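Engineer: Using my numbering, you'd call the opening residue of the sequence shown number 6 and step up by one each time. Don't be surprised by glycine CBs; every beta carbon is placed ideally from N, CA and C. Just so it is clear, the structure is predicted and the values come from calculations on it, not from any experiment. Sharing a structure with you now.
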Amino acid sequence: MPDYSFVILFFKGFAITNMVEIPVVLFILVRHFRCMQKKMVIGRIIAAVFFGNMATLPYLWFVYPEFLDYPFAVMLGEMTAFLAEGFLYYFLLEASWRISFFSSFVANASSIVMGLLVLPPLDM
Numbered sequence: 006m007p008d009y010s011f012v013i014l015f016f017k018g019f020a021i022t023n024m025v026e027i028p029v030v031l032f033i034l035v036r037h038f039r040c041m042q043k044k045m046v047i048g049r050i051i052a053a054v055f056f057g058n059m060a061t062l063p064y065l066w067f068v069y070p071e072f073l074d075y076p077f078a079v080m081l082g083e084m085t086a087f088l089a090e091g092f093l094y095y096f097l098l099e100a101s102w103r104i105s106f107f108s109s110f111v112a113n114a115s116s117i118v119m120g121l122l123v124l125p126p127l128d129m
């Protein structure tokens, strides 16, 4: 029988990432759009964050570790997530480029910290 423990761990990480990043990005972008007196649908922000995580997290967990040592895989994965999600917020949500990348940075930094507290690094 195959060992699915790593896949289960990935889904726990995916859940933690979304539980941390969605509120962070919501807080930042809702405040931003209110200050700009622009209307934004909260569901659209949530969908953008979820889609961004769905697009980037598998690379961090499954692709980069196959080719790089663990610390480099994490660094490259987090840089990829930061950039991809920043561009996603910029284009999908039409936020300014500064606030898009700022929210991506804060959200990813927050999820890294929470992930290290809840799911310590694996021996790879």
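#1: Compare the C-beta of Val-30 with all C-beta atoms of chain B and state if any pair is closer than 9 Å.
#2: Apart from the five residues just before and just after Asn-23, which ones in its own chain have a Cβ nearer than 8 Å to its Cβ?
#3: Report buried or exposed for Tyr-75, applying the criterion of at least 16 other Cβ atoms within 10 angstroms of its Cβ.
#4: Within this structure, are the beta carbons of Glu-90 and Asn-113 separated by less than 9 Å?
#5: Would DSSP call Leu-97 helix, strand or coil?
#6: For a test of the three-state rule: what should DSSP assign to Met-119, helix, strand or coil?
Structural biologist: Straight from the coordinates:
#1: The structure shown contains no chain B, having only a single protein chain.
#2: Excluding sequence neighbours, Asn-23 sits near Val-54, Phe-55, Asn-58.
#3: So Tyr-75 counts as exposed.
#4: Yes; because the gap between Cβ atoms is below 9 Å, this pair is in contact.
#5: Looking at Leu-97 - three-state DSSP - the assignment turns out to be helix.
#6: Helix, per DSSP.
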